[in-house]
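Here the structure comes first, spelled out in C-alpha cells, and everything after it is commentary.
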Amino acid sequence: MEWLDSKPKRSVLYISFGSQASPSEMQTMELAKALEASNVNFLWVFRAPTDNNNIKAANKDDFLPTGFEDRIKASDKGLLVENWAPQTEILAHESVGAFLSHCGWNSMIEALSEGVPMLTWPMAGDQPFNARFLEKEIGASVGVANGVVSEVKCEEMVKKIELIMKDGDGDGNVMRRKACEVREMIRNATYDEGGRKGSSAEAMGKFVNTFLQTRKRFESM
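Right, dumping it as C-alpha cells:
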C-alpha cells in the first residue's frame, strides 16, 4: 500500500484477472507493452498466462518484454505483485483510477462499491455478460478483449487505457461518474444517514433486478 500512497489521486490502473484464468502468453506480452507505452502508473497482480490447453505457463521471462521488470522498477511507474493482493483495499485507495479485470461478479461489485470504472477482459462463464452489462446498461466500463486467447494488439490496448485513465471531461470521466452513481446506490442500500441498516435496500434490489432482467435478454439472443 505504500507504493499506492506515493501516487497521485486516480493515477493508477489496477490489473487483476482472478485466480482461474489469465490472458495467453501472446496477450500478456501485448498488455505489458501497452502498459509501458501508455505511461500510466499501474499495479498488476501477475499470474502466469494460460495456454490453449488451459495450462499455466511457467517461465515469466517468456511472456514479458525483455527488461520489463527492471524498467518499471527504475521508473517507478509500475508494480508487479505475484498471485494475490488485497483487492478491496486497493480499489478503495484514492490513487486507483480504473480496474482492468476479468469481470467476475465479486470483482465487479467490489469496483462499483468504490466508484471505480473498469476495463473489461472477460474469460469465461458469466463474465462476458457481466462485462456487457457494465458497459451497455451502466456505462461504467469499456471492453479491451474477450477470452484467454484474443488477438488485441498493443496499440488498441493503449487507446483503451488512455481513454479510461485520462482526466477531464472525456469518456473516462463519464464512466467514473456512472460508477460513482452505483457506489452511492450500494451504500444507500446498506446504511442510512444515521449509520443504521438502510431501509433503501430497495435501491440495491432494483439494481440486481435490472441485472437479472438484462441477463435474461442476453441469454435469449
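Position one of the sequence shown corresponds to residue 1 (my numbering), numbered consecutively onward.
Heads up, the beta-carbon is just placed ideally off N, CA and C, and yes, glycines get one too.
What did DSSP end up calling residue i once you bin it into helix, strand or coil?
i, result
"F17", "coil"
"S11", "coil"
"E184", "helix"
"E36", "helix"
"S200", "Annotation note: pLDDT 49 at S200 (below 50); position unreliable, coordinate value reported separately. Reduced to three states, the DSSP call for S200 is coil."
"W105", "helix"
"N173", "helix"
"A61", "First, the amino acid is wrong: residue 61 is Asp here, not Ala. It is helical."
"V152", "coil"
"A85", "coil"
"K136", "helix"
"P128", "helix"
"K73", "helix"
"M123", "coil"
"L4", "helix"
Taking C-alpha atoms, which residue in the options lies nearest to residue i?
i, options, result
"V12", "P117, V182, G104 and V149", "P117"
"S142", "P122, E151 and V149", "Checking the displayed sequence, the identity of residue 142 turns out to be Val instead of Ser. Among P122, E151 and V149, the Cα nearest to that of V142 is on P122."
"M157", "G97, M108, V144 and I138", "V144"
"K160", "E89, T120, K9 and K73", "T120"
"M108", "W84, K166 and G139", "G139"
"W105", "I72, D126 and S150", "D126"
"E155", "L4, V148 and L163", "L163"
"L134", "V152, E181, G147 and S19", "E181"
"W84", "M185, G18 and M1", "G18"
"T88", "K33, S16, A37 and L31", "S16"
"R187", "L112, M165, V148 and G170", "L112"
"Y14", "K60, D62 and C103", "C103"
"D70", "M185, M26, I90 and E36", "E36"
"A32", "L91, K9 and K153", "K153"
"V149", "E2, M26 and E110", "M26"
"M1", "H93, G168 and E151", "H93"
"E151", "K9, D169 and E30", "E30"
"P86", "G147, F63, F68 and E110", "E110"
In this structure, what does DSSP give as the bridge partners for residue i?
i, result
"M118", "F99 and S141"
"G252", "It is not possible to answer for residue 252, since the shown part of the chain is limited to 1 through 221."
"G78", "F42"
Could you check how far apart the C-beta atoms of residue i and residue j are, in whole angstroms? I think they sit under 8 Å.
i, j, result
"K7", "S75", "Contact doesn't hold; Cβ gap of about 13 Å is too wide."
"A124", "A21", "6 Å"
"E137", "R183", "The Cβ separation is near 16 Å, so there is no contact."
"L80", "F129", "The Cβ separation is near 30 Å, so there is no contact."
"P49", "S24", "5 Å"
"I90", "L4", "7 Å"
"T28", "F68", "In fact, because the Cβ distance is near 11 Å, the residues do not count as touching under 8 Å."
"R10", "D171", "Not confirmed; about 15 Å, so no contact."
Indicate whether at least one CB of chain D lies closer than 9 Å to the CB of residue i.
i, result
"M108", "No chain D is part of this structure, which consists of one protein chain only."
Original post:
Per the contact definition of three or more C-beta pairs closer than 8 Å, is the segment 76–95 in contact with the segment 34–43?
Top reply: Touching, yes.
Original post:
Touching or not, the segment 162–177 and the segment 85–100, by the rule of three or more beta carbon pairs under 8 Å?
Top reply: yes
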